[in-house]
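Novice: Just remember that my numbering sits 1396 ahead of the position in the sequence shown, which is counted from 1. Quick one: structure below, then a few questions.
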Amino acid sequence: MSTVGTAKQDRLGTTLQFLDAFLSKIENVSNIFAGVLIFGLMCLGVVGIVLQAFKLSTFGFHDVVEFSMVGFAVLSISYVQRVGAHVRMELILSKLRGRLLWFVEGVSALLAGAIVLILIPSSYQHFQRAFEYGDSTMNIELVTWPAKLVVPVALLILLLRIGIQFIGYLRMFLNPAVPPVAIPIVQSPLDQMNSDQPSTQSTLA
(Lines of atoms letter the chains of each structure in order from A and count residues from 1; the text may use other names and numbers.)
(Lines give C-alpha, C1' and ligand atoms only; values in the text may rest on other atoms or scores of the structure.)
Protein backbone atom coordinates (compact mmCIF):
# COMPACT_ATOMS: atom_id res chain seq x y z
CA MET A 1 0.00 0.00 0.00
CA SER A 2 1.21 3.53 -0.80
CA THR A 3 2.26 6.01 1.86
CA VAL A 4 -0.90 8.04 1.22
CA GLY A 5 -3.03 4.92 1.67
CA THR A 6 -1.23 4.04 4.91
CA ALA A 7 -1.72 7.58 6.21
CA LYS A 8 -5.44 7.32 5.48
CA GLN A 9 -5.58 4.03 7.36
CA ASP A 10 -3.80 5.65 10.32
CA ARG A 11 -6.23 8.59 10.32
CA LEU A 12 -9.16 6.18 10.19
CA GLY A 13 -7.65 4.18 13.03
CA THR A 14 -7.19 7.33 15.12
CA THR A 15 -10.79 8.38 14.47
CA LEU A 16 -12.06 4.91 15.36
CA GLN A 17 -9.98 4.95 18.53
CA PHE A 18 -11.54 8.26 19.57
CA LEU A 19 -15.11 7.10 18.80
CA ASP A 20 -14.48 3.79 20.57
CA ALA A 21 -13.19 5.54 23.70
CA PHE A 22 -16.14 7.96 23.74
CA LEU A 23 -18.76 5.24 23.29
CA SER A 24 -16.97 3.00 25.80
CA LYS A 25 -17.60 5.57 28.54
CA ILE A 26 -21.34 5.48 27.83
CA GLU A 27 -21.29 1.67 27.74
CA ASN A 28 -19.40 1.47 31.02
CA VAL A 29 -21.92 3.74 32.75
CA SER A 30 -24.90 1.77 31.41
CA ASN A 31 -23.22 -1.51 32.37
CA ILE A 32 -22.59 -0.26 35.92
CA PHE A 33 -26.20 0.90 36.15
CA ALA A 34 -27.38 -2.56 35.07
CA GLY A 35 -25.16 -4.09 37.75
CA VAL A 36 -26.60 -1.75 40.38
CA LEU A 37 -30.11 -2.82 39.33
CA ILE A 38 -29.19 -6.48 39.74
CA PHE A 39 -27.59 -5.84 43.12
CA GLY A 40 -30.62 -3.84 44.25
CA LEU A 41 -32.97 -6.63 43.24
CA MET A 42 -30.84 -9.17 45.10
CA CYS A 43 -30.99 -7.02 48.25
CA LEU A 44 -34.73 -6.61 47.81
CA GLY A 45 -35.07 -10.37 47.44
CA VAL A 46 -33.14 -10.93 50.68
CA VAL A 47 -35.41 -8.45 52.45
CA GLY A 48 -38.42 -10.30 51.06
CA ILE A 49 -37.14 -13.63 52.38
CA VAL A 50 -36.47 -12.15 55.83
CA LEU A 51 -39.94 -10.60 55.93
CA GLN A 52 -41.51 -13.90 54.93
CA ALA A 53 -39.72 -15.54 57.85
CA PHE A 54 -41.70 -13.18 60.08
CA LYS A 55 -44.86 -13.87 58.05
CA LEU A 56 -44.82 -10.40 56.53
CA SER A 57 -45.59 -9.83 52.86
CA THR A 58 -43.56 -7.73 50.39
CA PHE A 59 -46.33 -6.00 48.50
CA GLY A 60 -45.26 -4.83 45.06
CA PHE A 61 -42.09 -6.94 44.81
CA HIS A 62 -43.15 -8.46 41.50
CA ASP A 63 -43.94 -5.00 40.14
CA VAL A 64 -40.46 -3.78 41.00
CA VAL A 65 -38.92 -6.84 39.33
CA GLU A 66 -41.05 -6.30 36.24
CA PHE A 67 -40.05 -2.63 36.12
CA SER A 68 -36.31 -3.11 36.60
CA MET A 69 -35.56 -6.36 34.76
CA VAL A 70 -35.75 -4.61 31.39
CA GLY A 71 -32.87 -2.39 32.45
CA PHE A 72 -30.41 -5.09 33.45
CA ALA A 73 -31.49 -7.22 30.49
CA VAL A 74 -30.58 -4.68 27.78
CA LEU A 75 -28.32 -1.99 29.26
CA SER A 76 -25.23 -4.20 29.02
CA ILE A 77 -25.68 -5.51 25.48
CA SER A 78 -23.47 -2.87 23.84
CA TYR A 79 -20.74 -3.45 26.45
CA VAL A 80 -20.92 -7.19 25.78
CA GLN A 81 -20.74 -6.52 22.03
CA ARG A 82 -17.67 -4.36 22.53
CA VAL A 83 -15.67 -6.97 24.43
CA GLY A 84 -16.91 -9.87 22.29
CA ALA A 85 -18.41 -11.71 25.25
CA HIS A 86 -21.68 -12.52 23.49
CA VAL A 87 -22.41 -15.86 21.80
CA ARG A 88 -20.15 -16.07 18.75
CA MET A 89 -19.28 -18.84 16.31
CA GLU A 90 -15.66 -18.80 17.46
CA LEU A 91 -15.13 -22.45 16.54
CA ILE A 92 -15.43 -21.25 12.94
CA LEU A 93 -13.93 -17.78 13.32
CA SER A 94 -10.83 -19.10 15.06
CA LYS A 95 -10.01 -21.10 11.92
CA LEU A 96 -10.15 -18.05 9.64
CA ARG A 97 -7.24 -15.74 8.93
CA GLY A 98 -6.54 -12.50 7.13
CA ARG A 99 -9.07 -10.83 4.88
CA LEU A 100 -11.46 -13.79 5.01
CA LEU A 101 -11.82 -13.37 8.79
CA TRP A 102 -12.45 -9.63 8.52
CA PHE A 103 -14.90 -10.17 5.66
CA VAL A 104 -16.95 -12.67 7.69
CA GLU A 105 -16.83 -10.45 10.77
CA GLY A 106 -17.88 -7.43 8.71
CA VAL A 107 -20.81 -9.25 7.11
CA SER A 108 -22.01 -10.53 10.50
CA ALA A 109 -21.77 -7.00 11.93
CA LEU A 110 -23.74 -5.67 8.96
CA LEU A 111 -26.49 -8.25 9.46
CA ALA A 112 -26.61 -7.59 13.21
CA GLY A 113 -26.85 -3.86 12.57
CA ALA A 114 -29.73 -4.38 10.13
CA ILE A 115 -31.65 -6.42 12.73
CA VAL A 116 -31.07 -3.81 15.45
CA LEU A 117 -32.14 -1.07 13.03
CA ILE A 118 -35.45 -2.88 12.55
CA LEU A 119 -35.95 -3.36 16.30
CA ILE A 120 -35.38 0.27 17.31
CA PRO A 121 -38.57 1.78 15.78
CA SER A 122 -40.70 -1.10 17.07
CA SER A 123 -39.36 -0.77 20.62
CA TYR A 124 -39.84 3.00 20.50
CA GLN A 125 -43.46 2.55 19.42
CA HIS A 126 -43.92 0.18 22.36
CA PHE A 127 -42.64 2.91 24.69
CA GLN A 128 -44.81 5.53 22.98
CA ARG A 129 -47.98 3.51 23.52
CA ALA A 130 -47.13 3.01 27.20
CA PHE A 131 -46.46 6.75 27.57
CA GLU A 132 -49.64 7.87 25.82
CA TYR A 133 -52.00 5.41 27.51
CA GLY A 134 -50.39 5.54 30.95
CA ASP A 135 -49.48 1.86 31.17
CA SER A 136 -48.62 0.72 34.70
CA THR A 137 -47.90 -2.41 36.73
CA MET A 138 -50.69 -4.42 38.31
CA ASN A 139 -50.27 -4.02 42.07
CA ILE A 140 -48.58 -0.74 42.98
CA GLU A 141 -49.22 0.86 39.58
CA LEU A 142 -45.67 1.83 38.67
CA VAL A 143 -45.63 3.61 35.32
CA THR A 144 -43.85 1.39 32.81
CA TRP A 145 -42.82 3.87 30.13
CA PRO A 146 -39.39 4.69 31.68
CA ALA A 147 -38.48 0.99 31.60
CA LYS A 148 -39.76 0.66 28.04
CA LEU A 149 -37.78 3.72 26.94
CA VAL A 150 -34.60 1.96 28.07
CA VAL A 151 -34.95 -0.60 25.26
CA PRO A 152 -34.69 1.75 22.23
CA VAL A 153 -31.96 3.75 23.98
CA ALA A 154 -29.91 0.61 24.66
CA LEU A 155 -30.47 -0.61 21.10
CA LEU A 156 -29.34 2.76 19.74
CA ILE A 157 -26.10 2.50 21.71
CA LEU A 158 -25.69 -1.05 20.39
CA LEU A 159 -26.25 0.17 16.83
CA LEU A 160 -23.51 2.77 17.25
CA ARG A 161 -21.17 0.08 18.60
CA ILE A 162 -21.91 -2.25 15.69
CA GLY A 163 -21.36 0.63 13.25
CA ILE A 164 -17.94 1.38 14.76
CA GLN A 165 -17.02 -2.30 14.64
CA PHE A 166 -18.15 -2.60 11.02
CA ILE A 167 -15.85 0.27 10.03
CA GLY A 168 -13.09 -1.39 12.06
CA TYR A 169 -13.58 -4.68 10.20
CA LEU A 170 -13.67 -2.83 6.86
CA ARG A 171 -10.39 -1.12 7.75
CA MET A 172 -8.79 -4.47 8.56
CA PHE A 173 -10.16 -6.00 5.35
CA LEU A 174 -8.62 -3.22 3.26
CA ASN A 175 -5.27 -3.52 5.02
CA PRO A 176 -4.76 -6.51 7.37
CA ALA A 177 -1.31 -5.16 8.31
CA VAL A 178 -2.65 -2.27 10.39
CA PRO A 179 -3.20 -2.81 14.13
CA PRO A 180 -6.82 -3.67 15.01
CA VAL A 181 -8.83 -0.87 16.58
CA ALA A 182 -12.34 -0.92 18.11
CA ILE A 183 -12.97 -4.59 17.32
CA PRO A 184 -12.90 -7.71 19.52
CA ILE A 185 -10.08 -10.12 18.69
CA VAL A 186 -10.77 -13.84 18.50
CA GLN A 187 -8.34 -15.74 20.75
CA SER A 188 -7.84 -19.42 21.29
CA PRO A 189 -8.08 -20.71 24.89
CA LEU A 190 -4.27 -20.99 24.95
CA ASP A 191 -3.86 -17.39 23.76
CA GLN A 192 -6.36 -16.22 26.36
CA MET A 193 -4.44 -18.04 29.08
CA ASN A 194 -1.13 -16.52 27.94
CA SER A 195 -2.61 -13.02 27.76
CA ASP A 196 -4.05 -13.37 31.27
CA GLN A 197 -0.76 -14.52 32.84
CA PRO A 198 1.04 -11.12 32.96
CA SER A 199 -1.93 -9.40 34.62
CA THR A 200 -2.19 -12.25 37.13
CA GLN A 201 1.52 -12.10 37.93
CA SER A 202 1.44 -8.31 38.32
CA THR A 203 -1.53 -8.61 40.65
CA LEU A 204 0.30 -11.15 42.79
CA ALA A 205 3.38 -8.95 42.84
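Quick reminder that beta carbons are idealized off the backbone N, C-alpha and C, glycines included.
Count the other CB atoms within 10 Å of the CB of proline 1517; is the residue buried (16 or more) or exposed (fewer)?
Specialist: For the purposes of this step, residue 1517 is taken as residue 121 along the sequence shown, with counting starting at 1. Proline 1517 is exposed by the Cβ-count criterion.
Novice: Go ahead and pull the three-state DSSP assignment for serine 1532.
Specialist: Reading the sequence shown from its first residue, position 136 is the one you call residue 1532. Of the three classes helix, strand and coil, the one that applies to serine 1532 here is strand, per DSSP.
Novice: Quick one: using the 10 Å Cβ neighbour count with 16 as the cut-off for buried, is alanine 1417 buried or exposed?
Specialist: The count along the sequence shown starts at 1 and reaches residue 1417 at position 21. Alanine 1417 is exposed by the Cβ-count criterion.
Novice: Use the C-beta contact count for threonine 1540: other C-beta atoms within 10 angstroms, 16 or more gives buried, fewer gives exposed.
Specialist: By one-based count along the sequence shown, residue 1540 stands at place 144. Classification for threonine 1540: buried.
Novice: Just how far apart, CA to CA, sit isoleucine 1563 and leucine 1489?
Specialist: As a first step, residue 1563 is located in the sequence shown; it is residue number 167 there, counting from the start. As a first step, residue 1489 is located in the sequence shown; it is residue number 93 there, counting from the start. Each residue's alpha carbon lies about 18 Å from the other.
Novice: What are the partner residues of valine 1470, as DSSP defines its beta bridges?
Specialist: Here residue 1470 corresponds to residue number 74 of the sequence shown, with the count starting at 1. Valine 1470 pairs with nothing; no bridge assigned.
Novice: Under 8 Å, with one C-beta from each stretch per pair, do the segment 1537-1556 and the segment 1456-1465 reach the 3-pair mark?
Specialist: Touching, yes.
Novice: For alanine 1543 and glycine 1467, which I take to be in contact (beta-carbon distance under 8 Å), what is that distance rounded to the nearest angstrom?
Specialist: Taking the sequence shown and counting its residues from 1, one reaches residue 1543 at position 147. Taking the sequence shown and counting its residues from 1, one reaches residue 1467 at position 71. That pair is a contact at about 7 Å.
Novice: Please classify arginine 1407 as buried or exposed, where buried requires at least 16 other C-beta atoms within 10 Å of its C-beta.
Specialist: To locate residue 1407, count along the sequence shown from 1; it is residue 11. Exposed, since its Cβ has fewer than 16 Cβ neighbours within 10 Å.
Novice: Does the Cβ of isoleucine 1428 have 16 or more other Cβ atoms within 10 Å, making it buried, or fewer, making it exposed?
Specialist: One-based indexing of the sequence shown puts residue 1428 at position 32. Exposed: under 16 other Cβ atoms inside 10 Å.
Novice: In chain order, what residues of the same chain lie with their CB nearer than 8 Å to the CB of serine 1532, ignoring the 5 residues before and after it?
Specialist: Your numbering for residue 1532 matches position 136 in the sequence shown. Within the same chain, serine 1532 has close Cβ partners Leu1538, Val1539, Thr1540.
Novice: Reducing DSSP to helix, strand and coil, say where valine 1574 ends up.
Specialist: Here residue 1574 refers to the residue found at position 178 of the sequence shown. Reduced to three states, the DSSP call for valine 1574 is coil.
Novice: Would you mind reading off the limits of the alpha helix (DSSP H) that contains isoleucine 1581?
Specialist: Counted from its first residue, the sequence shown places residue 1581 at position 185. Counting along the chain, isoleucine 1581 falls outside any alpha helix (DSSP H), and DSSP gives it neither H nor E.
Novice: Tell me the residue span of the alpha helix (DSSP H) that contains glutamate 1486.
Specialist: As a working mapping, residue 1486 is identified with position 90 in the sequence shown. From DSSP, the alpha helix (DSSP H) with glutamate 1486 extends over 1486-1489.
Novice: Can you give me the C-alpha to C-alpha distance between proline 1580 and cysteine 1439, rounded to a whole angstrom?
Specialist: Indexing the sequence shown from 1 puts residue 1580 at position 184. Indexing the sequence shown from 1 puts residue 1439 at position 43. Those two C-alpha atoms are separated by around 34 Å.
Novice: For arginine 1525, count the other beta carbons within 10 Å of its own beta carbon; 16 or more makes it buried, fewer makes it exposed. Which is it?
Specialist: Within the sequence shown, numbered from 1, the residue matching residue 1525 stands at position 129. So arginine 1525 counts as exposed.
Novice: DSSP beta-bridge partners for valine 1476?
Specialist: Working through the sequence shown from its first residue, we reach residue 1476 at position 80. Valine 1476 pairs with nothing; no bridge assigned.
Novice: CA-CA distance, leucine 1437 and valine 1460?
Specialist: Counted from its first residue, the sequence shown places residue 1437 at position 41. Counted from its first residue, the sequence shown places residue 1460 at position 64. Those two C-alpha atoms are separated by around 8 Å.
Novice: Within 10 angstroms of its Cβ, does leucine 1554 collect 16 or more other Cβ (buried), or is it exposed?
Specialist: If you number the sequence shown from 1, residue 1554 lands on position 158. Burial call: buried.
Novice: Assign isoleucine 1445 to one of two classes, buried (16 or more other C-beta atoms within 10 Å of its C-beta) or exposed (fewer than that).
Specialist: Locating residue 1445 in the sequence shown gives position 49, counting from the first residue. Burial call: exposed.
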